[in-house]
Amino acid sequence: MVSSIEAILAQDLAPKECAKALNELGKTLFEQQDADGAIACWEKSVECYGKPGPAQAQLMKAYNLKRRQCSEHGDSAGIETFSQKIDALMQQSKDAIRYGF
1067 MVSSIEAILA QDLAPKECAK ALNELGKTLF EQQDADGAIA CWEKSVECYG KPGPAQAQLM
1127 KAYNLKRRQC SEHGDSAGIE TFSQKIDALM QQSKDAIRYG F
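Following this note's numbering, the residues of the sequence shown are numbered contiguously, the last one being 1167.
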């Protein structure tokens, strides 16, 4: 999975195209029940493109799934980690609206 992300990044695509390729890889991985791999793709997509897009919506869904799994397993550290990631993603969306990114 990491090598797939690196392969996309190595293509030196324009930011929007890079994000699109990473989003597609993330979607495929999520469909294959690899939430961690999908999250890595979507986080890198957000980093590449820097503007609101499909990756944020998918990340929110994946973070909520991971937080739910942590809750079911009694993993309080995991719950806190994913809650913080959700909060940061929501703040990023608010800032994008507020400042017109």
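Each residue gets a CB set at the ideal place from its N, CA and C atoms; glycine is no exception. Here the structure is a predicted model, which is why all the values come from computation and not from measurement.
Which class does GLY1116 belong to by DSSP, given the choice of helix, strand or coil?
-> Residue state, collapsed to three classes: coil.
With a CB to CB cut of under 6 Å and the five nearest residues on each side skipped, what residues in its chain are close to GLY1119?
-> none
Between the beta-carbon of CYS1107 and the beta-carbon of GLY1092, is there less than 8 Å?
-> yes
Exposed or buried, which one is ILE1163 when buried takes at least 16 other CB atoms within 10 Å?
-> exposed
Given a cut-off of 8 Å, decide if ALA1128 and ILE1182 are closer than it, judged by their beta-carbon atoms.
-> Residue coverage of the chain in this structure runs from 1067 to 1167, which leaves residue 1182 outside it and unanswerable.
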